[in-house]
Amino acid sequence: MNSRSSDQKSGQLVLPGERLGVIEEFVPNAGTYVENGVIYSKVVGRTLVDFSSRRVSVHPLNRGAGVPKVGATVVGQVSGVQNDTANVRIFKVGNKELSGVFTGVLHVSDVAMKYVESMFEVCKAGDILRAMVISDKNRTYHLSTKDKELGVVYAFCTNCGHMLELKRQGMHCQNCGRIEKRKTALDYAK
Amino acid sequence: MNDKPEKLIDKKGVRLDGRKPDELRPIKIDVGVLSNADGSAYIEHGKNKILAGAYGPREVHPKHLALQDRMLLRCRYHMAPFSVQERKSPAPSRREVELSKVIRESLEPSIFMEYYPRTALDVFVEVLQADGGTRCASITAAALAVADAGIPMRDIVVACAAGKVEDTIVLDLMDEEDKLGSADVPLALMPNLNAVTLLQMDGILTVEEFEQAVNLAIEGCKKISAIQKETLKAKYVDVKEVEE
């Protein structure tokens, strides 16, 4: 109808609700939505117009909202351990720090490929843990550490609270000499 | 308080503060003023001073409030005890509870609620100084706070009021006109989609007057929206310059 939508180019700063074009001329991609055949931006960001594939997307400029999704790697602090489960307060999803925390649950059967007897030999309250979200059913995030890269990244002594060091015989506390067990990630304390 | 003025509008059509009937009060907006909130905005609309902060999406507590298919939007409109001439009790009044609901319902259509199921988005609106039309200024600030938090939105909601003062339809009523005038029509708009998300009326208007007031309010909304968008864009232009 009018020509104002044809002068699109990449790198323009757009706000939510800003018109980007019509579906006849572009394929709407990430950061956009379509209403009545018109493509609008839904975030604050810069436009990215790919003229070869006729795709238009908006790359968000602000931090953006982060929520744990199935398949995402998350980092959290263990808030409590029972015999067969541990509760984790997730504070980081991917590389994004969250403003609040989401609660996740790690079950013994999801800790490692091999059989694990008890959750107490996997992690303790206060430890920092890296895990993957495997399900968000039943109103909770279910976590898994079944990977070399996943597991405890920082562990603390239950006796004196000092950080544990990874030794051959297990997790060793330099302060009080206590030895504990953890399911550590490959890059523990790095 | 000072005595009741004899005339709210003089013969030349000039209002108490020297505005024309279709003129807005001076507006100043800031975004990203709070470092602890995910998104925030501050608006000075005439003598109104309003601060809005948005948090989320975050885990819902208590958990039974969580919605399985979409995000929960919670709004709190609150007036500071020092925001009005006579000290206002800090406890939420009936009016504040209603305005919280009104702000929530006017923002809801603009946000993609279904993207973040089982989470909550909390919007806090604090009125530091009130001078009529706080609900509209609050909506304008709250929408900016949500956009600043990076929540996907259909449009940035903007709100403005029109009303009737001594048989004249005027734009953007201030406190005295609101109290002594005969009608008030607050309206919230999604300017790009041209959709109204809030429309209220207090007082009595004929159908023609109502139509005139609504059109005037929409014009006002569009003017405020331009300021609103300019502010939001300016924030990111500044950020980029700092990075370079």
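Chains as they are written, first to last, in the numbering used here: chain A, 1 to 190; chain B, 1001 to 1244.
Glycine included, each C-beta is placed from N, C-alpha and C at the ideal position.
Listed by chain order, chain C residues near residue i by CB distance under 7 angstroms
i, result
"B:Asn1194", "No chain C is part of this structure, whose protein chains are labelled A and B."
Min CB distance residue i to chain A below 7 angstroms
i, result
"B:Tyr1236", "yes"
"B:Asp1017", "no"
"B:Thr1119", "yes"
"B:Lys1245", "The displayed coordinates of chain B run from 1001 to 1244. Any statement about residue 1245 of chain B would go beyond what the structure contains."
"B:Tyr1114", "It is Glu, not Tyr, that sits at residue 1114 of chain B in the sequence shown. Answer no: the Cβ-Cβ gap between B:Glu1114 and chain A never drops below 7 angstroms."
"B:Leu1024", "no"
"B:Pro1152", "yes"
"B:Lys1233", "yes"
Contacts around residue i, its chain only, beta-carbon distance under 8 angstroms, and the 5 residues preceding and following it disregarded
i, result
"A:Val105", "Thr85, Ala86, Asn87, Val88, Thr140, Tyr141, His142, Leu143"
"A:Gln12", "Arg46, Thr47"
"B:Ile1029", "Ala1041, Tyr1042, Ile1043, Glu1044, Thr1140, Ala1141, Leu1144, Ile1227, Gln1228, Thr1231"
Limits of the alpha helix (DSSP H) - the one that residue i falls within
i, result
"B:Arg1019", "Element bounds for B:Arg1019: n/a, residue is neither H nor E."
"B:Ser1138", "1134 to 1148"
Sequence-distant residues of its chain with Cβ nearer than 7 angstroms to residue i (five each side left out)
i, result
"A:Ser3", "Only weak support exists for where A:Ser3 lies, its pLDDT of 40 falling under 50; the value from the coordinates is given anyway. Cβ neighbours of A:Ser3 beyond the five flanking positions: none."
"A:Ala185", "Arg130, Glu149, Leu150, Gly151, Val152, Val153"
"A:Val101", "Arg89, Ile90, Phe91"
"A:Ala125", "Val78, Ser79, Gly80, Val81"
"A:Lys69", "Val133"
"A:Pro28", "Val34, Ile39, Val56"
"A:Ser10", "Thr47, Leu48, Val49"
Backbone CA spacing between residue i and residue j [nearest angstrom]
i, j, result
"B:Leu1189", "A:Lys190", "52 angstroms"
"B:Arg1015", "A:Asn138", "60 angstroms"
"B:Ile1252", "B:Ala1183", "This structure leaves residue 1252 of chain B out entirely; chain B is present only between 1001 and 1244."
"B:Ala1145", "A:Asn159", "45 angstroms"
"B:Met1201", "A:Arg55", "44 angstroms"
"A:Phe120", "B:Pro1062", "29 angstroms"
"B:Asp1172", "B:Arg1087", "25 angstroms"
"A:Lys114", "A:Arg178", "26 angstroms"
"B:Met1079", "B:Gln1129", "8 angstroms"
"B:Pro1186", "B:Asp1122", "23 angstroms"
"A:Tyr188", "A:Leu166", "8 angstroms"
"A:Met1", "B:Ser1225", "For A:Met1, the predicted model reports a pLDDT of 40, less than 50, meaning its position is unreliable and no value from the coordinates is stated."
"B:Arg1104", "A:Leu98", "23 angstroms"
"A:Ser5", "A:Val22", "Confidence in A:Ser5 is poor, its pLDDT being 45 and thus under 50, which makes the residue's placement unreliable; the coordinate value appears in the next sentence. If you take the alpha carbons of A:Ser5 and A:Val22, they lie about 8 angstroms apart."
"B:Leu1216", "B:Lys1012", "20 angstroms"
"B:Tyr1116", "B:Pro1021", "43 angstroms"
"B:Asp1038", "B:Pro1152", "14 angstroms"
"A:Cys123", "A:Lys181", "8 angstroms"
"A:Asn83", "A:Val116", "11 angstroms"
"B:Leu1199", "B:Lys1101", "13 angstroms"
"B:Ala1213", "B:Val1207", "10 angstroms"
"A:Val49", "B:Glu1176", "51 angstroms"
Residue range of the unbroken beta strand (DSSP E) whose run includes residue i
i, result
"B:Ile1103", "Premise fails: B:Ile1103 lies in the alpha helix (DSSP H), 1094 to 1107, not in any beta strand (DSSP E)."
"B:Asp1010", "Premise fails: B:Asp1010 is in no beta strand (DSSP E) and is neither H nor E."
"B:Glu1177", "That residue, B:Glu1177, is in no beta strand (DSSP E); its alpha helix (DSSP H) goes 1175 to 1180."
"A:Phe102", "96 to 107"
"A:Gly126", "That residue, A:Gly126, is in no beta strand (DSSP E); it is neither H nor E in DSSP."
"A:Gly21", "19 to 22"
"A:Gln77", "73 to 81"
"A:Phe91", "85 to 93"
"A:Arg46", "45 to 50"
"A:Glu35", "32 to 35"
"A:Ile116", "Per the sequence shown, the amino acid found at residue 116 of chain A is Val instead of Ile. It is not in any beta strand (DSSP E) - A:Val116 carries neither H nor E in the DSSP assignment."
CB contact below 7 angstroms: residue i versus chain B
i, result
"A:Lys42", "yes"
"A:Val67", "yes"
"A:Val22", "no"
"A:Ser79", "no"
"A:Ser57", "no"
"A:Phe102", "yes"
"A:Asn87", "no"
"A:Asn95", "no"
"A:Gly17", "yes"
"A:Asn83", "no"
"A:Ser10", "no"
"A:Ser99", "yes"
"A:Ser6", "Unreliable placement is indicated for A:Ser6, whose pLDDT of 45 sits below 50; no coordinate value is reported for it."
"A:Asn138", "no"
The ligand SAM heavy atom lying under 6 angstroms from the CB of residue i
i, result
"B:Ile1224", "Inclusion of the ligand SAM in the displayed structure is not the case, the ligand content being empty and no account of it being possible."
Other residues of its chain near residue i: CB distance less than 6 angstroms, five sequence neighbours each side excluded
i, result
"B:Thr1134", "Asn1048, Val1127"
"B:Asp1017", "none"
"B:Pro1109", "Thr1197"
"B:Glu1166", "Leu1008, Ile1009"
"B:Arg1076", "Ser1100, Phe1124"
"A:Leu61", "Val44, Gly45"
"B:Gly1132", "Leu1173, Met1174, Asp1175, Asp1178"
Item checked: Ranges of the beta strand (DSSP E) found wholly within the stretch 136 to 184 of chain A, counting only runs of at least 3 -> For secondary structure counted as the beta strand (DSSP E) over 3 or more consecutive residues, the stretch 136 to 184 of chain A holds these complete runs in sequence order: 141 to 144, 151 to 154, 164 to 167, 170 to 173.
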